[in-house]
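Novice:
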Amino acid sequence: RRAQGKSANSWLTAVSLEPGIVATDMWRNANDFGYDPRTPRKPHQINNLTPEETQKTFLDQIYSFLLYSVMTPVERGANTQIWLASALPGDIQGGKHYDHFRNEKAVLDFDESKECAKRLWEVSEELTGIQFDL
59 RRAQGKSANS WLTAVSLEPG IVATDMWRNA NDFGYDPRTP RKPHQINNLT
109 PEETQKTFLD QIYSFLLYSV MTPVERGANT QIWLASALPG DIQGGKHYDH
159 FRNEKAVLDF DESKECAKRL WEVSEELTGI QFDL
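Residue numbers (our numbering): 59 to 192.
Shown next, in the form of structure tokens:
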């Protein structure tokens with residue numbers, strides 16, 4: 059929002075987004091999530107384990123199936139980012155937040171506070187050691 063509000067950056071459309079839960083390898087390697095049953099690779103090929111080390115109970119297999127059936131497939135995981143990056147002027151509004159269905163999403167009051175945004179910016183610059191001239 060800070061970048062969006064500067065007149066010198068009138069060419070810039072700054073937004074935030076949430077891509078949703080994408081079924082990446084990150085989830086496949088988490089023991090509690092099992093592995094994506096849609097993948098042709100077996101769990102031991104993904105995690106470099108023996109087949110015996112990756113044996114799951116029937117309930118674990120059902121859990122993995124249900125979990126991955128609601129996740130966004132990897133092939134569509136970047137759809138929101140691509141849509142936002144290629145949006146025509148007027149299709150999106152700068153300084154707004156979009157969900158993985160391309161809908162503008164309401165933010166918390168904290169997110170709308172100029173004082174909180176300024177403090178976050180200052181702390182981020184301090185922690186990273188990078189100064190942004192906006």
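All residues carry an ideal CB built from backbone N, CA and C; glycine is no exception. Quantities reported herein were computed from a predicted structural model and do not represent experimental measurements.
Label Thr-138 either buried or exposed according to how many other C-beta atoms from any shown protein chain fall within 10 Å of its C-beta, with 16 as the threshold for buried.
Specialist: buried
Novice: Using three-state DSSP, classify Leu-75 as helix, strand or coil.
Specialist: strand
Novice: Considering only residues of the same chain and omitting the five flanking positions on each side of Ala-136, which have a CB-CB separation below 8 Å?
Specialist: Pro-77
Novice: Do Tyr-126 and Val-73 have their C-beta atoms closer together than 8 Å?
Specialist: The Cβ-Cβ distance between Tyr-126 and Val-73 does not fall below 8 Å.
Novice: For Ser-122, is the classification buried or exposed, using 16 other Cβ atoms within 10 angstroms of its Cβ as the cut-off for buried?
Specialist: Flag for Ser-122 reads buried.
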